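> Before we start, here is the structure in question, set down as structure tokens.
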Amino acid sequence: MFKEFAKGLSITLKHLLPGNCTTVQYPKQKLEMSPRFRGLHRLVPAQDREKCVACYLCPTVCPAKCITVVAAENEAGEKYPEVFEIDMLRCIFCGYCVEACPMEAIEMTDAYELANFSRDDFDFGKQRLLKS
Amino acid sequence: MEVILFYLTASVAVISAIFVTQCRNPVNSALNLITTFLCLAVFYIMLESPFMAAIQIMVYAGAIMVLIVFVIMLLNLGLAVKERYTHGMAGAGVLAALVLFVSAYFLGAGEATGTGGSVTSEVIASYGHTELIGRAMFVDFLLPFEIASILLLVAIVGAVILSKREV
Amino acid sequence: MAANTETMTINMGPQHPSTHGVLQLILELDGEIVVKATPHIGFLHRGIEKLSEHRTYHQTIPLTDRLDYLAPMSNNLGYVLAVEKLLGITDEIPERVQRIRVIMTELTRLKSHLVWLACHALDIGAMTVFLYCFRERECITDIYEKVSGARMTSNYFRVGGLADDLPDGLEGEIRTFAESIPAHVEEYEGLLTGNRIWQKRTIGVGEISAEAAIDIGITGPALRATGVDWDLRRDNPYSGYDDYEFEVPVRKGCDTFDRYRVRLDEMRQSALIIIQALDKLKPGPILADCPKVVLPPKKDVVNNIESLIHHFKIVTEGFKTEPGEIYQSVEAPKGELGFYLIADGSAYPFRMKIRPPSFVNLQGLPQMVEGKLLADVIAVIGTLDIVLGEIDR
Amino acid sequence: MGVEQPKTLGSGFVTTSLDKLVNWSRASSMWPLTFGLACCAIEMMATGAARFDLDRMGILFRASPRQADVIIIAGTVTKKMVPVIKTVYEQMPEPRYVIAMGACASSGGIFDTYSTVQGVDEFLPVDVYIPGCPPRPEGLLYGLMKLQDKIRAERNTFGAAIGVGDVVHNKA
Amino acid sequence: MSDQVIVEKLKEKFSSEVLNIVEFRGETTVTVKKEQIVDICTFMRDDFGYNLLCDLCGVDYLGKAPRFMVVYNLYNITTKQRIRIKAPVEEQDANIDTVSTVWGTANWHERECWDLLGIKFNNHPDLRRILMPADWEGHPLRKDYPLQGPDREPYKGRLS
Amino acid sequence: MITVNHYLLLSAILFAIGTFGVLTRKNAIVIFMCIEVMLNSVNLTFIALSRHVGNMDGQIFVFFVMTVAAAEAAVGLALMIAFFRNKESIDTDDFNMLKW
Amino acid sequence: MLDIYLPILVVMGIALAFALGSVVLSRLVGVKKPSEVKLAPYECGMPLIGSAQERFSIKFYIIAMLFILFDIEAVFLYPWAVMFKRLGIFGFVEMGVFIIILLVGFIYVWKKGALEWE
Amino acid sequence: MVMTPEVLTLSEAPWLFTGVMLVKIIVAFVATLLIVAYATYAERKIIGRMQTRMGPNMTGPKGLLQPIADGLKLFFKEDIIPSQAHWFAFILAPMMILAPAFISISVIPFGGDLHFTYDGILYAVPMQITDLNIGVLFIVAMAGLGVYGIVLAGLASNSKYALLGGIRSTAQMISYELAVGLSIVAIFMLSETLSLRGIVAVQQQPLWGLESLSFIPNWYIFCQPLAFCLFVIGSMAEINRTPFDLPEAETELVSGFCTEYSAMKYALFFMAEYANMITVSAIATTLFLGGWGGPFYGWINFLIKVFAFMFFFIWIRATFPRLRYDQLMFLGWKIMLPLALVNIVITGIAILLW
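Protein chains in written order, with the working numbering: chain A, 14 to 145; chain B, 231 to 397; chain C, 8 to 400; chain D, 17 to 188; chain E, 604 to 763; chain F, -17 to 82; chain G, 5 to 122; chain H, 1404 to 1757.
Structure follows, in structure tokens:
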């Protein structure tokens, strides 16, 4: 009985020794995200505008139905999203939109510091998504 | 100094004792009773009997009162127990008090921590109160001491039988 | 009358540190002894079954992640296998896919068991084990993240394959991790198994006989701890499990301690399976050759108009199945996880009934705790390894 | 209309320093309630575990709402759960803060169903929303730091404590 | 014993009860009348060793008659075999006998079925709502129950 | 100067209070506590007088009084619980089993 | 006498003053926004089932009772222990008898199952 | 010339006596408070390290201001007194639990005599607030009073968790009080005094009175190992530390008897736990480890020993699971109590035969 107690105690004591600490001190140190990490969305810009052609595949495939796209046509007759908005609060970061996009116009960055104070702060419109 | 302490403690003791008898809520009564016990412990210290003071706290405040509070919790008497009072026998109480007062009065004043007898303040200081108690208990009062154990045994048996479920 | 005056009804949960979420237990106590325990569930009922009827087969995969959120990939696997069975493409799944699925589900089993051990130990008061377990769990979440992009809700398996291949170099990492598992399990055992207090707290606690367990429908490690040698991976193999050699740990103590040891043994076995699967892992396609079901490769979509149309069709309409009904179950970390799917020929499941192991296992709780002490309730909840996400769905 | 100036202790040096002291203590010792609802609870536990270690920020989980400062709604809030959350929140002493962790708590997330509440802000005053499903532990840490910012930006906290006026919430 | 043999024997014993036998993807489904469901289940358990009731659930085929179907997924731990039994239940006064006497596990499954689909289980020891609050109105898993509940519109994006 | 009379008077007062309580209260537990007050007042007398005459006998007596009080508490309260279980009351008026 | 006990009195005073002071001051400076729910007893967020003033098992009482009786024994032991070397074998036998008699009670209680919880 | 130091008395030098007394009390009190505050910090740090994490390090340098922030925050929190609570007992309870812990400190000797000259007279002042010749009994009595804090907390809160926690805790504390009280009897048989200072003095003699063994101090841990084990286990239970922390067992009873306590009153419970830990460590040091004796200067030895004890308690907490209630009672009544009695008998026989 005492042997087992001693064994337990020695395990904890062993971890007390320096060098066993696994903490990542978050604001100072940050973990490296995997390239596949599904963080905040980003609309991929092309030369002068977004790559997106407003094909509606992403809002269709989105299981949370959090993407709103309103298509329009520009002078050159190209379709583009007049409105492209993601409700970040509702988004479940499943990555289906990226998978579905035939143009590779939407991708997911490794940004995860998204917390904010009010619902209005999660107004991720086209401009914000292009910048992120 | 001692006088102030005496009167202060005495008044606290008396007031809390009155509360013990008068509180509607047994919890309050119990709390007041603990205060009374603590005051008495102070008196014992003033009477150069620190060992008695210690066991007063240990036994009365630390054990008996815990049991009482337990019973209060156990029987769920914590809050607002409706209770009738009788005052019919209050007269007897007053009478008893009077008798005691009178007898106390006729006893005649004298040094509380006396110089007479074999156990003087100096003896206590040099020999130690605990040791004195020990000697008296285990030499002079041997039989009562052993009988006390039988009393406790009986109490254990009695209490277990009484509180067992079958009763 | 005098009999019931000495019981006290207390309410454990939904906000209680050891009900593993939002389980509510109403306990009738006589002193410290539990006279009656009534579980109340449903505080996390999110309507996944109903919601899945309004989502395509493809869109339902993320929902399954959130069933047993400790073991998302096991749920994915169960669901994906169910849909594949419904589609009749079970035999067309490439070997590499099957191997990766096995690796990931076994990692998931480890992940789930680690959280179980962490919480179970914490409930009984050994808080250090909690942190050690989470330390190892972080390794698995890292692997998850590298594979699927998320730490928990992986959403990695697809009907007919996988979302993506394993990234380069991950095989080595998984192997290193799997090889380190026995040493870690030793460490937990060092803190718990031999410890007299732990033994006192678990041996003979929450006993349930094999007959009663089967009657209640308890499955998984909890059933195996009663001496019933039954593991779906071996007995009704799926996803190529018959390819691996592993033992099914069985113990006969029927109590919390044996459930604990069965799970620890399972962790060791899982590590073995992972290593075997890694050994057998060969390059190959990661999607079945079923153009009606799986999305075409991304580079074809951009270059090939046929693929693009195909892509559009699958994404917008989803794939359709034959009408019919199937029941597919997998050995999830907690027991038999079953998906009963009824298809009506559309792209949406007509009815998806999930058979969550915890839901059934939880039914055994009153039997296990009545007549025992209050503290045993905690131990038993811990040992049942319930997850409210799948109980309430 | 005429907005009435809130009653405060003023903004002298002493009151400001006292405010700062109180805010500092509140921000440095936020004790959340042990209250997990669903998936996010596991990430919350992971945040408390060794790698991210909430204890570094002075955060201890408390089981009783009486001793908690922050309630982290980690997971899906169902209609059956609403009264419970309301009660538990009500039983926390002032000042108390609410963090909606994850998509479900913030907005209902993917569960747009009959039994789910579409965001805990329908009945609780949420201070910080953390999107994600579930958010990474760092995301939660970031959210907690946001809350610290918010607490630090409060004014008249000392005044409110001694009964003069209410806490003024400045934008962090 | 193969599934065919079992089904034949079942047919033999309860010839008037068995309505339909379907095999799909290697799984056998037997549809029986609901009246003798307890006897059939006991028979399945005792004579064929289907000692584990994996799952019990209700299905709502809205628009068909009978509207509901109660499904029993059985498993034999010894022979590792599965079989499925279904029993139709009409919409009017939807009820069926409980099998919680046959398998204890049916208790909660049946409660859930009652809760979500409104199928009553006669002689059930404790038929209360299990997942939904006790005062909930309606049975959410019925096809005519809106996904978002009767009092709310579905979420259609931020802008709407 | 505190004399032995002070102590004796005090203990008389406490005793009287205790007696009063015993006689007027109906709640058995309170009565029990009042009895404890009385016992303690007697203890005080014992110790004061023992010191007054310079002899340990009184103190030993107190020791035994405490022992008896403990035994009494154990048995008395057990009785009370036993009674309470039958009658759901600890009112002394309900202690009528011995009435003749 | 005062030499020795005065400091204790002072410590007692300081300790109580500290405890009381911090509680009272904290009560004064704390925000006060009571509500009916807030002041209701905590019950994991659920409405109360029964009263919190329910009774509990008699076993706790038996423990307390045994404590008293053994506490008395301990009280007898202290002066005896201090005097032990001076009392010699006589004292040992004396206390031996005492303890044995009490042990009989203890064994009785043990055998009666008053110390069992199940 | 060596002067024999005078003993400072109240009657001869009242002001000096009072001054010295106040200084001693204040030093001891402040030191205790500081240790209490930083014991919480140390516990979080040490347990953190044992669990491969950091522990507080963001509040102030290295997190050193953490206890102060916690205290201040609790101070400014809303204080809830449940409406159905017995308000007087509810407020009294945290005080009743904290005060005895602090009061017990007053009889513990921290070091040897301190000599100083005042007005041409050399005085010797013991480094102890006061030395009672019933010191140990005083501490036992105070421990007995400490039980009320918990009883009242459980009784007054009007919450089932608190009631159950309070009851459990009380039963636990009194059971172990007994075991502890009996385990130390053997010490008195050897020391023949109840004064803590006297006990330390006895322990400064060489081991078993043998001059040849004078390099080993005559600490009672060597001749009373069983009593020491019983004392340490018993006192761990008495102060509700893991593995005996059932009354506060979060995973069972939410927070046990302090479930309903918020703000400063809760802080007092929190402090009391650590104050009790200090008291118990100090008593164990005095009774079994030779008090202030050792290689360094008096009170430094004392503090080292106390901290070693506290580290041990923390270490245990990081390692062991919690006992169940019946097992706890079993251990207390059926193992520790008989063992303590056996120990007394063995000690008696040994003394008689020596």
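Think of the CB as a built atom: it goes at the ideal place given N, C-alpha and C, for glycine as much as any other residue. Note that the structure is predicted; figures quoted are calculated from it, not measured.
Which class does A310 (chain B) belong to by DSSP, given the choice of helix, strand or coil?
The residue labelled residue 310 (chain B) in the question sits at position 80 within the second sequence. Residue confidence is low: A310 (chain B) scores 44 on pLDDT, short of 50, so the model does not pin down where it sits. Its coordinate-derived value is still stated next. Coil.
> Taking Cβ-Cβ distances below 9 Å as the criterion, which residues of the stretch 259 to 287 of chain B are in contact with chain H?
So the close ones are L261, I264, L268, A271, P280, F281, A283, A284, I285, Q286, I287.
> L29 (chain A) touches chain H at which residues, Cβ-Cβ below 9 Å?
To locate residue 29 (chain A), count along the first sequence from 1; it is residue 16. Residues of chain H passing the Cβ test: I1449, R1452, M1453, W1718, A1721.
> Please report whether the beta-carbon of M1404 (chain H) lies at a distance below 8 Å from any beta-carbon of chain B.
For this step, residue 1404 (chain H) is matched to residue 1 along the eighth sequence. Model confidence at M1404 (chain H) stands at a pLDDT of 47, short of 50, so the residue's coordinates are unreliable; what they give is reported in the following sentence. No, M1404 (chain H) lies away from the interface with chain B (no Cβ there is under 8 Å from its Cβ).
> Out of H:S1594, H:L1581, H:Y1664, point me to the one whose CA is closest to A1640 (chain H)'s CA.
Working through the eighth sequence from its first residue, we reach residue 1640 (chain H) at position 237. Selected option, being the one with the closest Cα: H:L1581.
> Would you say T239 (chain B) reaches chain G, if we count a Cβ-Cβ gap shorter than 8 Å as a contact?
The sequence position of residue 239 (chain B) within the second sequence is 9, counting from 1. With 8 Å as the cut-off, T239 (chain B) does not count as an interface residue toward chain G.
> Can you grab the Cα-Cα spacing for the pair L277 (chain B) / H359 (chain B), in whole Å?
Residue mapping note: residue 277 (chain B) aligns to position 47 of the second sequence, counting from 1. Residue mapping note: residue 359 (chain B) aligns to position 129 of the second sequence, counting from 1. Computed Cα separation, rounded: 11 Å.
> Strictly by DSSP, which residues pair up with T81 (chain A)?
Along the first sequence, read from residue 1 onward, the residue named residue 81 (chain A) stands at position 68. According to DSSP, T81 (chain A) bridges with A:E98.
> Beta carbon of I680 (chain E), beta carbon of I643 (chain E): below 8 Å?
Stepping through the fifth sequence from its first residue, residue 680 (chain E) is reached at position 77. Stepping through the fifth sequence from its first residue, residue 643 (chain E) is reached at position 40. Not closer than 8 Å, so no.
> Output, in chain order, the set of chain E residues within a Cβ distance shorter than 9 Å of T129 (chain D).
The residue labelled residue 129 (chain D) in the question sits at position 113 within the fourth sequence. The answer, in chain order, is P743, L750, Q751, G752.
> Identify the contact partners of I146 (chain D) in chain A, using a Cβ-Cβ distance below 8 Å as the criterion.
Stepping through the fourth sequence from its first residue, residue 146 (chain D) is reached at position 130. The answer, in chain order, is L127, A128.
> Would you call Y748 (chain E) buried or exposed, if buried means 16 or more other Cβ atoms sit within 10 Å of its Cβ?
On the fifth sequence, residue 748 (chain E) is found 145 positions in, with the first residue counted as 1. Counting Cβ neighbours within 10 Å, Y748 (chain E) comes out buried, since at least 16 surround it.
> Within its chain, find whatever has a CB closer than 6 Å to the CB of G1466 (chain H); leave out the 5 residues flanking it on each side and keep chain order.
Translated into the one-based positions of the eighth sequence, residue 1466 (chain H) becomes position 63. Counting only Cβ-Cβ distances below 6 Å, and skipping sequence neighbours, we find P1459, N1460.
> So which residues of chain H does N162 (chain C) contact, with C-beta pairs closer than 7 Å?
Residue numbering aside, residue 162 (chain C) sits at position 155 when the third sequence is read from its first letter. Those within 7 Å of N162 (chain C) in chain H number zero; the least Cβ separation is about 30 Å.
> Can you tell me whether DSSP reads N262 (chain B) as helix, strand or coil?
Working through the second sequence from its first residue, we reach residue 262 (chain B) at position 32. Helix, per DSSP.
> Kindly list, in the order they appear in chain B, the residues whose Cβ is closer than 8 Å to that of T1573 (chain H).
Position 170 of the eighth sequence, counting from 1, holds the residue named residue 1573 (chain H). V296, F300, listed in chain order.
> Rounded to whole angstroms, what's the CA-CA distance from G629 (chain E) to W237 (chain C)? Just pull it up for me.
Mapped onto the fifth sequence, residue 629 (chain E) falls at position 26. Mapped onto the third sequence, residue 237 (chain C) falls at position 230. If you take the alpha carbons of G629 (chain E) and W237 (chain C), they lie about 21 Å apart.
> I want to know whether the stretch 81 to 90 of chain G touches the stretch 106 to 117 of chain D - three or more CB-CB distances under 8 Å.
Because the criterion of three Cβ pairs below 8 Å is not met, the stretch 81 to 90 of chain G and the stretch 106 to 117 of chain D do not touch.
> Count the CB pairs spanning the stretch 258 to 273 of chain B and the stretch 1528 to 1535 of chain H that are closer than 8 Å, and state whether there are at least three.
The stretch 258 to 273 of chain B is not in contact with the stretch 1528 to 1535 of chain H.
> Closest by CA to F127 (chain D), which one among D:S44, D:T94, D:G159, D:Y105?
Position 111 of the fourth sequence, counting from 1, holds the residue named residue 127 (chain D). For the residues D:S44, D:T94, D:G159, D:Y105, the minimum Cα distance to F127 (chain D) belongs to D:T94.
> Where K139 (chain A) and F106 (chain A) are concerned, what is the direct C-alpha to C-alpha distance, given to the nearest angstrom?
As a working mapping, residue 139 (chain A) is identified with position 126 in the first sequence. As a working mapping, residue 106 (chain A) is identified with position 93 in the first sequence. Spanning the two alpha carbons is a distance of roughly 17 Å.
> Where does the unbroken alpha helix (DSSP H) through D222 (chain C) begin, and where does it stop?
If you number the third sequence from 1, residue 222 (chain C) lands on position 215. Note, D222 (chain C): alpha helix (DSSP H), 217 to 223.
> Roughly how far, in whole angstroms, is the beta-carbon of L34 (chain C) from the beta-carbon of I17 (chain C), given that I think they are within contact range, below 8 Å?
The residue given as residue 34 (chain C) occupies position 27 in the third sequence. The residue given as residue 17 (chain C) occupies position 10 in the third sequence. Sure, about 5 Å apart at Cβ, within 8 Å.
> If we cut at 8 Å on Cβ distances, does L37 (chain D) have a partner in chain H?
What you label residue 37 (chain D) is simply residue 21 of the fourth sequence in a count that begins at 1. It does; some Cβ of chain H falls within 8 Å.
> For the alpha helix (DSSP H) holding Q252 (chain B), just list the boundary residues, first then last.
Counting from 1 along the second sequence, the entry for residue 252 (chain B) is found at position 22. Run containing Q252 (chain B): 232 to 252, per the alpha helix (DSSP H) assignment.
> With H, G and I counted as helix, E and B as strand and the rest as coil, what does DSSP make of E1515 (chain H)?
Within the eighth sequence, the letter at position 112 stands for residue 1515 (chain H). Note that residue 1515 (chain H) corresponds to Gly in the displayed sequence, not to Glu. Of the three classes helix, strand and coil, the one that applies to G1515 (chain H) here is strand, per DSSP.
> Is any beta-carbon of chain A found at less than 8 Å from that of D75 (chain C)?
Residue 75 (chain C) sits at position 68 when you count from the first residue of the third sequence. Judged by the 8 Å Cβ criterion, D75 (chain C) is not in contact with chain A.
> On the DSSP bridge list, what partners appear for S336 (chain C)?
If you number the third sequence from 1, residue 336 (chain C) lands on position 329. Bridge partners of S336 (chain C): C:G345.
> So what does E630 (chain E) bridge to, in DSSP terms?
Here residue 630 (chain E) is taken as the residue at index 27 of the fifth sequence, counted from 1. Bridge partners of E630 (chain E): E:F627.
> Please go through the same chain and pick out, in chain order, the residues whose beta-carbon is closer than 8 Å to the beta-carbon of L26 (chain F), but skip the five residues on each side of it.
Here residue 26 (chain F) corresponds to residue number 44 of the sixth sequence, with the count starting at 1. The residues are Y(-11), L(-8), S(-7), L(-4).
> Identify whether E120 (chain G) lies in helix, strand or coil by the three-state DSSP scheme.
Position 116 of the seventh sequence, counting from 1, holds the residue named residue 120 (chain G). DSSP places E120 (chain G) in coil when its eight states are reduced to three.
> Return the chain-ordered list of same chain residues with a C-beta closer than 8 Å to the C-beta of F1478 (chain H), the five sequence neighbours on each side being excluded.
For this step, residue 1478 (chain H) is matched to residue 75 along the eighth sequence. These residues qualify, in order along the chain: A1666, M1667, A1670.
> Which two residues bound the contiguous alpha helix (DSSP H) that contains V387 (chain B)?
In the second sequence, the residue the question calls residue 387 (chain B) occupies position 157. First-last of the alpha helix (DSSP H) with V387 (chain B): 372 to 393.
> Using a Cβ cut-off of 7 Å, pull out every chain F residue sitting near V250 (chain B), in sequence order please.
Position 20 of the second sequence, counted from the start, is the residue given in the question as residue 250 (chain B). Those are G3, M15, C16, V19, listed as they occur along chain F.
> Within this structure, are the beta carbons of G325 (chain C) and I131 (chain C) separated by less than 8 Å?
Residue mapping note: residue 325 (chain C) aligns to position 318 of the third sequence, counting from 1. Residue mapping note: residue 131 (chain C) aligns to position 124 of the third sequence, counting from 1. No; because the gap between Cβ atoms is not below 8 Å, this pair is not in contact.
> Rounded to whole angstroms, what is the Cα-Cα separation between V702 (chain E) and N710 (chain E)?
Residue 702 (chain E) sits at position 99 when you count from the first residue of the fifth sequence. Residue 710 (chain E) sits at position 107 when you count from the first residue of the fifth sequence. Cα to Cα, V702 (chain E) sits roughly 8 Å from N710 (chain E).
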